[in-house]
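The numbers in the working numbering rise by one with no breaks, and the one at position 73 of the sequence shown is 60. Glycine included, each C-beta is placed from N, C-alpha and C at the ideal position. Note that this is a predicted model, so its numbers are computed, not measured. Structure, as C-alpha cells:
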Amino acid sequence: MDANIAAMDDFVMPRTLGKGRTYVYLFPWREQDLLKVGFSRQPLVRLRTLHRRFFDVFDLDRGCLLETGRLAQARKIERDIILRHAEQRSPPPLVIPDAAAGYSEWFRGVCPEVTAALHEAAARESVELRSLRDWLQQWFESRGDGLYEWSLRMLEAMEYETFNVPPELQRGEAARSLRYVMDACEAVGLSLPRFFPDDALAWRATLP
-12 MDANIAAMDD
-2 FVMPRTLGKG
8 RTYVYLFPWR
18 EQDLLKVGFS
28 RQPLVRLRTL
38 HRRFFDVFDL
48 DRGCLLETGR
58 LAQARKIERD
68 IILRHAEQRS
78 PPPLVIPDAA
88 AGYSEWFRGV
98 CPEVTAALHE
108 AAARESVELR
118 SLRDWLQQWF
128 ESRGDGLYEW
138 SLRMLEAMEY
148 ETFNVPPELQ
158 RGEAARSLRY
168 VMDACEAVGL
178 SLPRFFPDDA
188 LAWRATLP
C-alpha cells in the first residue's frame, strides 16, 4: 500500500524535465489583488510547492503561462517584469511555505500590467501564451489513462486499510490522495466520469 500512495506525487509531480522548455508564469491570488511571477520547467510542480490545493487559492482563469524555448529567455522576461514593478512588491500570503515563497516575486495591484507584459513578450518572442486553466486541463487530460489506473490502485489501498489495519493505525493517505486529485481535475474543468472509475465517483459522492 505504501508504494501505491507514494505514486501519487510521482503521478502529479513528474520528475522528467522538458528539455529547454521553460514557462514564465503569472499566478494571481484568488482573494487578494496579489500575484506571483516566476519561471519554471514544471508549472504544476511549482503550483504545488506554493500551495498543495493550488486550485483553491490561485485564480486559474486570470493566471497564464508563457512557453519559451530556453531557460535564459524565460529568465530575462521574468527579470524585466520584476524590475519594472519593483515598487509594487508585496509579502506573500501567510499560508505560503517560507521555503517556496520567492519573496522578491510577489506583487500587489499590477495584474493587468503584468498580463499585458506577457502578451507583449509573446508577440515579440513569437512564443505561446496560454491561460493557466487551459494548460492544466490539457496536462491532466493527457494523463487520462493513468488517472483511471491510479484511481483503482488508490481504491484498492483504501479497501486494504479498512479491512486489514486496526482503526487506530489507519492513516487514510490513499483516500486523501484520491480526493485531492479528483478535486484538482474538477477544478480545472474536467468531466470526472471521463477519467475516473464508477467506484471512485460513488465514493467521492459520499464525502462531506
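Spatial neighbours of residue i in its chain, beta-carbon cut-off 7 Å, leaving aside the 5 residues before and after
i           : result
residue 138 : 165, 183, 184 and 187
residue 38  : 44, 82 and 83
residue 36  : 87
residue 126 : 31
residue 157 : 148
residue 106 : 116
residue 159 : none
residue 128 : 177
Residue burial classification, residue i (beta-carbon count within 10 angstroms, cutoff 16)
i           : result
residue 30  : buried
residue 140 : buried
residue 2   : Any answer about residue 2 is weak, because its pLDDT of 49 lies below 50 and its placement is not dependable; what the coordinates show is given next. Exposed: under 16 other Cβ atoms inside 10 Å.
residue 175 : buried
residue 108 : buried
residue 168 : buried
residue 171 : buried
residue 134 : buried
residue 194 : exposed
Sequence-distant residues of the same chain with beta carbon closer than 6 Å to residue i, five excluded per side
i           : result
residue 190 : none
residue 122 : 52
residue 69  : none
residue 118 : 51
C-beta atoms of residue i and residue j nearer than 7 Å
i          : j          : result
residue 65 : residue 26 : yes
residue 48 : residue 17 : no
residue 75 : residue 94 : yes
residue 9  : residue 73 : no
residue 41 : residue 34 : yes
residue 23 : residue 92 : yes
residue 7  : residue 71 : no
8 Å Cβ shell around residue i - same chain, five flanking residues per side excluded
i           : result
residue 173 : 179
residue 120 : 47, 48, 50, 175 and 176
residue 80  : 16, 19, 21 and 44
residue 131 : 181 and 182
residue 97  : 22, 72 and 75
residue 78  : 90 and 93
The ligand MN heavy atom lying under 6 Å from the CB of residue i
i         : result
residue 7 : With respect to small molecules bound, the structure shown includes none, and the ligand MN cannot be examined in it.
**Report entry** Sequence ranges, beta strand (DSSP E) only - wholly within the segment 36 to 90, length at least 3
**Finding:** 51 to 55
Report task. Please determine if the segment 96 to 111 and the segment 5 to 22 are in contact, where contact requires at least 3 C-beta pairs separated by less than 8 Å. Result -> yes
Report task. At 4 residues or longer, and completely inside the segment 82 to 154: list those alpha helix (DSSP H) runs for me, N to C. Result -> 98 to 112, 119 to 128 and 131 to 151
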